[in-house]
Amino acid sequence: MTAVRLKDIRKSYGSVKVVHGIDLEIDEGEFVVFVGPSGCGKSTLLRMIAGLEDISGGTLEIGGEVVNDVPPSKRGIAMVFQSYALYPHMTVYDNMAFGMRIARETKQEIDRRVHAAANVLQLTDYLDRLPKALSGGQRQRVAIGRAICRDPRVFLFDEPLSNLDAALRVATRIEIAKLSEAMPNTTMIYVTHDQVEAMTLADRIVVLSGGRIEQVGAPMELYERPANLFVAKFIGSPAMNIIPATLIGSGAKTTLALPGNRQVTLDIPTAESKKGATVSFGVRPEDLTVTTSEDFIIEGTISIIEALGEVTLLYVEVPSSEEPLIAKLPGNQPFQRDEKIRLTAHATKLHVFDAEGKALR
Amino acid sequence: MQQLLFALFTMIVGVAACAAYFIVSNWILDRIFPSKSRSGAVASRNLRITNMIRPWLFLAPALLALTVYLLYPVIESAWLSFHGKDGRQFVGLGNYRWMINDGEFRQSILNNFLWLLIVPAAATFFGLIVAALTDRIWWGNIAKSLIFMPMAISFVGASVIWKFVYDYRAEGTEQIGILNAIVTWFGGAPEAWITLPFWNNIFLMVILIWIQTGFAMVILSAALRGIPEETIEAAVIDGASGLQIFFKIMIPQIWGTIAVVWTTITILVLKVFDIVLAMTNGQWNTQVLANLMFNWMFRGGGDFGRGATIAMIIMMLVIPIMIWNIRNAAKEMEGR
Chain A
1 MTAVRLKDIR KSYGSVKVVH GIDLEIDEGE FVVFVGPSGC GKSTLLRMIA GLEDISGGTL
61 EIGGEVVNDV PPSKRGIAMV FQSYALYPHM TVYDNMAFGM RIARETKQEI DRRVHAAANV
121 LQLTDYLDRL PKALSGGQRQ RVAIGRAICR DPRVFLFDEP LSNLDAALRV ATRIEIAKLS
181 EAMPNTTMIY VTHDQVEAMT LADRIVVLSG GRIEQVGAPM ELYERPANLF VAKFIGSPAM
241 NIIPATLIGS GAKTTLALPG NRQVTLDIPT AESKKGATVS FGVRPEDLTV TTSEDFIIEG
301 TISIIEALGE VTLLYVEVPS SEEPLIAKLP GNQPFQRDEK IRLTAHATKL HVFDAEGKAL
361 R
Chain B
1 MQQLLFALFT MIVGVAACAA YFIVSNWILD RIFPSKSRSG AVASRNLRIT NMIRPWLFLA
61 PALLALTVYL LYPVIESAWL SFHGKDGRQF VGLGNYRWMI NDGEFRQSIL NNFLWLLIVP
121 AAATFFGLIV AALTDRIWWG NIAKSLIFMP MAISFVGASV IWKFVYDYRA EGTEQIGILN
181 AIVTWFGGAP EAWITLPFWN NIFLMVILIW IQTGFAMVIL SAALRGIPEE TIEAAVIDGA
241 SGLQIFFKIM IPQIWGTIAV VWTTITILVL KVFDIVLAMT NGQWNTQVLA NLMFNWMFRG
301 GGDFGRGATI AMIIMMLVIP IMIWNIRNAA KEMEGR
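See the structure below:
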């Protein structure tokens, strides 16, 4: 069943358009992550779903009902903010109970729900405390508890982990994942700029850029088959290496001419008409391996070595490219600066994008 | 023109003299305890000594001024309050005994309490309302400037303005006071507003409220803007109405600031003097403590002892509120 349906959703501030017609269907119980660089409109989109921003155009349905003009509290949503947004003058208990008190729930019901939420989030010992007496992670748990108490159909998270330190971020991320498993019928929409959060939490990721959807898909789909250059570069760290190339052979397999008089053949069929086109050849740093044979893709000189223990990053200067190529090799690697190396990759791990940045498949 | 030039000249000389004091005194200090071009031990000893003396050297003018204009008058007033008319004959608690039984003093204390109850409450309340409302409209800043403007008018100046507002002309003649003009336009009879016992107190208070609302508004407006927007959005999602958000989310978050504004105006009200002096001079049951003190001290009364006694009472009323105010303000600072 569709929980949230966005039809041609638009947002503009005066003459400035920030969201350019988003179409998206989110199923009940699904965990969807909006991801994209700052200013891509992901938070605006979330705030429109919440009802904190007016919708300039299009329709928004929650639970099969058009809610464009329904106030936030009646949409069956709950939101967790980046800054926690706890009421500083209220205890943890009152923070969680506030919404229910406004809705005039009975005392017993309020008490039951608050304790249930506190139990799930291990906040029972802190119910009498004020937010200022809590740590950052605890505050975020209270904010999540407040959302749970609203018993929403749709959970909205607006970069909920951004204010936490690295260790807490991981712990809270896992807690959110557990929470979503514990509530299989609750839909979750999560905004982040952190692709690790997106990859680990999402059932589906929506990659946004400049107020438009670049690609929607499962995390691995986005990683393995990026639809365009933007997604290819955005998902994965370090970003995918992009090398300008010319398409010289088409048909069932595609052959590209790379700088340095190298050729590479990919398992991707292309039309005859594409022959001679300028394209972008892409390969992920972690898909590159070092080779000594003549069968390599590209050759270059190591300019920087970053040894991180678990992996080693090699920055390789290659012909006719300003940016160095990055290779991510497992473990510690015995290379020296200024050493010449040859890199190759499996034919299935290669990507090619046309002049507009669309992936050729 | 000449006066203007003279004022400018005084200002320049004053600032220059202050600067000169700091530079010259510092220079002399460095001369007496030189730290340059001396051997290590002597240099470090001299440096330590100068560092100990320098703060006091720079504070000296301020401390001197405080002693002469604040500390000495307090002690002198206390001393005077136990002495008679001319300040020589010791009378013990005589002045205080007189005061408790004096009708005019009782009247003043009562009026002061009325001022105390009404003015801070009204000014803070209106300030809060205006601050909350003007934040939402495009002409809010214009409205704020207009409401803040009375702050720039001296109390006596404001009193002159309001004297015209309350002005009374005999029935039948043209009313130049706006209040009476309105009353007669609606067919009523003109009143001599500031002579109506009890109500005239309120009419005088209106002037101070008019002045102080701007102050309360500016401080509270800043506090309201300091409230994190997300807490309000969270309350919107929780289903709170505009009024509920204002009273349950916004007001509690700026409670500390409201207390500071309230007490600051309270202290000001305890010292209220100029308005009463200019409007009624304490006639028609509008007397307040500060004006009463002024009467006994410097006018008509000519009794230093009684004047000083009333001054002591005002001081004792102000001090606890002031301590509370300073503590609250300090707490607010920490919170930021």
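These protein sequence lines map, in sequence, to chains A and B.
FYI, the UniProt record's numbering numbers position 132 of the first sequence as 132, with every residue one higher than the one before it.
FYI, the UniProt record's numbering numbers position 58 of the second sequence as 58, with every residue one higher than the one before it.
For each residue, glycine too, the CB sits at the ideal point set by N, CA and C.
Since the structure is predicted, the reported quantities are computational estimates derived from the model, not experimental observations.
- Within its own chain, the residues whose Cβ lies closer than 8 Å to the Cβ of M312 of chain B, once the five positions on either side in sequence are excluded, are S77, A78, S81, listed in chain order.
- Of all residues in the stretch 219-244 of chain B, the ones placed with a Cβ closer than 7 Å to any Cβ belonging to chain A are P228, E230, T231, E233, A234, V236, I237, D238, G239, A240, Q244, in chain order.
- Excluding residues up to 5 positions away in sequence, A50, L156 lie with their Cβ nearer than 6 Å to the Cβ of M79 of chain A in the same chain.
- Annotation: Cβ neighbours of P252 of chain B in chain A (cutoff 7 Å, chain order): H89.
- Pairing I144 of chain A with L121 of chain A gives a Cβ-Cβ distance under 8 Å.
- Taking C-beta atoms under 8 Å as the contact rule, I254 of chain B and A223 of chain B qualify, at a distance of about 4 Å.
- In terms of beta-carbon proximity, I249 of chain B lines the interface with chain A, with at least one pair separated by less than 8 Å.
- Under the DSSP assignment, Y315 of chain A falls in the beta strand (DSSP E) whose first and last residues are 311-317.
- For M151 of chain B, the secondary structure class from DSSP, reduced to helix, strand or coil, is helix.
- Within its own chain, the residues whose Cβ lies closer than 6 Å to the Cβ of K340 of chain A, once the five positions on either side in sequence are excluded, are T301, listed in chain order.
- For S73 of chain A, the nearest beta carbon of chain B is closer than 8 Å to its own beta carbon.
- Between G99 of chain A and chain B, the shortest Cβ-Cβ separation is below 8 Å.
- Residue pairing for R212 of chain A: DSSP places it in a beta bridge opposite A:S209.
- As for any alpha helix (DSSP H) of minimum length 4 sitting wholly inside the stretch 70-135 of chain B, the runs are 72-81, 94-101, 103-134, ordered along the chain.
- Within the DSSP secondary-structure output, G249 of chain A pairs in a beta bridge with A:T255.
- Here the C-alpha atom of D167 of chain B lies approximately 18 Å from the C-alpha atom of W210 of chain B.
- Chain-ordered, the chain B residues with CB closer than 8 Å to the CB of M79 of chain A read E233, A234, I237.
- Annotation: the stretch 56-93 of chain A contains no complete segment of the alpha helix (DSSP H) (minimum length 4 residues).
- Separation of the CB atoms of A359 of chain A and N261 of chain A is rounded to 26 Å, and the pair is thereby denied contact status at 8 Å.
- Non-local beta-carbon contacts of N68 of chain A in its own chain, meaning distances under 7 Å to residues more than five positions away in sequence, involve I55, T59, L60 in chain order.
- Among the residues of chain B, those whose CB is under 7 Å from the CB of I102 of chain A are D238, G239, A240, Q244, following chain order.
- By the neighbour-count definition (other C-beta atoms within 10 Å, threshold 16), P269 of chain A is an exposed residue.
- Taking 8 Å as the Cβ-Cβ cut-off, the stretch 31-60 of chain A approaches chain B at A50, G51, L52, given in chain order.
- As the crow flies, the alpha-carbon of W296 of chain B is around 32 Å from that of F215 of chain B.
- When secondary structure is reduced to three states using DSSP, L64 of chain B falls in the helix class.
- One alpha carbon belongs to N201 of chain B, the other to A240 of chain B, and they sit about 41 Å apart.
- DSSP places V15 of chain B inside the alpha helix (DSSP H), whose first and last residues are 2-32.
- Under the three-pair Cβ rule at 8 Å, the stretch 111-129 of chain A counts as touching the stretch 88-98 of chain A.
- Under DSSP, Q263 of chain A forms a beta bridge with A:A257.
- The alpha-carbon of F33 of chain B is positioned some 11 Å away from that of I53 of chain B.
- Using a CB distance cut-off of 8 Å, S162 of chain A does not count as an interface residue toward chain B.
- The beta-carbon of A85 of chain A is placed less than 8 Å from the nearest beta-carbon of chain B.
- The C-beta distance from L116 of chain B to L270 of chain B rounds to 7 Å, short enough to meet the 8 Å contact threshold.
- The beta carbon of G137 of chain A sits closer than 8 Å to the beta carbons of L164, L168, A171, T172 from its chain, once the five residues preceding and following it are set aside; these are given in chain order.
- In this chain, the alpha helix (DSSP H) harbouring M279 of chain B covers 274-279.
- The beta carbon of M48 of chain A lies closer than 8 Å to those of I9, K11, V19, D54, I55, L60 in the same chain, with the five residues before and after it left out.
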